[in-house]
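Chemist: Under my numbering, the first residue of the sequence shown carries the number 36, and numbering increases by one thereafter.
Before I ask anything, here is the structure I am working with.
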Amino acid sequence: MRELFDEVAGKSMLDPEEAVRRTTRTSLPKRFYTTAAISETPDGFAITLDGRNVKTPTRNALAAPTRDLAEAIAAEWQAQQELIDPTTMPLTRLANSVIDGVVGRIDAVTDDVAKYFGSDLLFYRAGHPDELIAREAQHWDPVLFWAAEEFGAHFILAEGIIHVDQPEPAIEAARAALPQHPWSIGALHVVTTITGSALLALALAHGRLDPDQVWAAAHVDEDWNIARWGLDDEVAARRAARQVEFQAAAQVVAALSPRGS
């Protein structure tokens, strides 16, 4: 079976927004199958369309490590109507990214996530007004205290946007706490790039924060501005698209967490 996502979403490995942009520029293919299902294999749970295996853009089998994830991916395919729209299939896109772009490159992807420990969202604080300062502290300080206590990762805070070099031992300690399963680190890469915070991704992976708490913490400043100036339609649409990708990544993290198994 030809890989549909290769045509309609491109081969972007870990950039869901680019996949969406490509989709808007490309004609969508018609649905040609009746039933999406899963099949257990030695490599996991494969996604099938009318009994035929789906392939990723680089021709690997589209398969998930757990039955629940595979069923969720198959449900995305089953939910397609006359046309197949990848923008409505975030788990499938993430699966393609992990299988083609993370498996065999775990260290490189981990390094990419760990770069954020040098310039994390949580380090840079507002100087005013007092209410915003308090909101940032409410959402962000517990994560920083947890990272210091749990992993010995002691980071430096700054006011404003001037870059502050972080201690290398803190960065290394936080990096060592990242998961090494390709699906987990791939999902955390998505969470990190969407939120701008590897620390929030780390807190999600270890169950320190739930997805709603992570989303709220990542949008403290944005929500502050929205409350005062409103939200235009274009910004709202971009935010909604990011949230869909975030929720898919959080679903993968939960599915592979010891707490969720």
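Even for Gly, the Cβ is constructed at its ideal location relative to N, Cα and C.
Which word fits Leu266, buried or exposed, when buried means at least 16 other C-beta atoms lie within 10 angstroms of its C-beta?
Modeler: Flag for Leu266 reads exposed.
Chemist: Is Val270 buried or exposed, if buried means 16 or more other CB atoms sit within 10 Å of its CB?
Modeler: Exposed is the call here.
Chemist: Do you know offhand how far Ala208's Cα is from Leu156's?
Modeler: The alpha-carbon atoms of Ala208 and Leu156 are separated by roughly 18 Å.
Chemist: From Ala285 to His189, what distance separates their C-alpha atoms?
Modeler: 26 Å
Chemist: What does the alpha-carbon distance come out to for the pair Gly187 and Ala205?
Modeler: Their backbone Cα atoms lie some 7 Å apart in a straight line.
Chemist: Rounded to whole angstroms, what is the Cα-Cα separation between Thr123 and Glu111?
Modeler: 7 Å
Chemist: Is it the case that the region 241-251 contacts the region 157-169, given that we only count it when at least three CB pairs across the two stretches are under 8 Å?
Modeler: no
Chemist: As an exercise, report each continuous alpha helix (DSSP H) stretch of at least 4 residues that is fully enclosed by the region 63-118, in chain order.
Modeler: Annotation note: the region 63-118 contains the following uninterrupted alpha helix (DSSP H) runs of length 4 or greater, listed N- to C-terminal: 102-113.
Chemist: Whose C-alpha, out of Ala289, Asn260, Val249, Trp259, is nearest the C-alpha of Gln278?
Modeler: For the residues Ala289, Asn260, Val249, Trp259, the minimum Cα distance to Gln278 belongs to Val249.
Chemist: Ordered along the chain, which non-local residues of its own chain (more than five positions away) have a Cβ less than 7 Å from that of Lys65?
Modeler: Glu117, Leu118
Chemist: Measuring alpha carbon to alpha carbon, tell me which of Tyr151, Lys90, Ala251 ends up nearest Ala172.
Modeler: Of Tyr151, Lys90, Ala251, the residue nearest in Cα terms is Ala251.
Chemist: Drop a sphere of 10 angstroms on the beta-carbon of Ile196, count the other beta-carbons inside from all chains shown, and report buried for 16 or more, exposed for fewer.
Modeler: exposed
Chemist: Of all the options Leu192, Asp258, Pro217, Arg274, which has the alpha carbon lying nearest to the alpha carbon of Ala98?
Modeler: Pro217
Chemist: Who pairs with Ala193 in a beta bridge, going by DSSP?
Modeler: Tyr159
Chemist: Return the first residue and the last residue of the alpha helix (DSSP H) that Gly31 is part of.
Modeler: One cannot answer for residue 31 here, as it falls past the ends of the chain, which runs 36 to 296.
Chemist: Please work out which residues of its chain come closer than 6 Å, Cβ to Cβ, to Thr230, disregarding the five sequence neighbours upstream and downstream, and give them in chain order.
Modeler: Excluding positions up to five away in sequence, the list reads Ala253.
Chemist: Please identify the residue among Thr145, Ala114, Pro77 whose C-alpha is closest to the C-alpha of Pro214.
Modeler: The shortest Cα separation from Pro214 among Thr145, Ala114, Pro77 belongs to Thr145.
Chemist: In this structure, how does DSSP classify Pro121 when only helix, strand and coil are distinguished?
Modeler: helix
Chemist: Leaving out the 5 sequence neighbours to the left and right, which residues in its chain are closer than 6 Å to Ala105 when beta-carbon positions are compared?
Modeler: Cβ neighbours of Ala105 beyond the five flanking positions: Ile73, Phe80, Ala99.
Chemist: Would you say Pro125 reaches chain C, if we count a Cβ-Cβ gap shorter than 9 Å as a contact?
Modeler: Absent from the structure: chain C. Only one protein chain is present.
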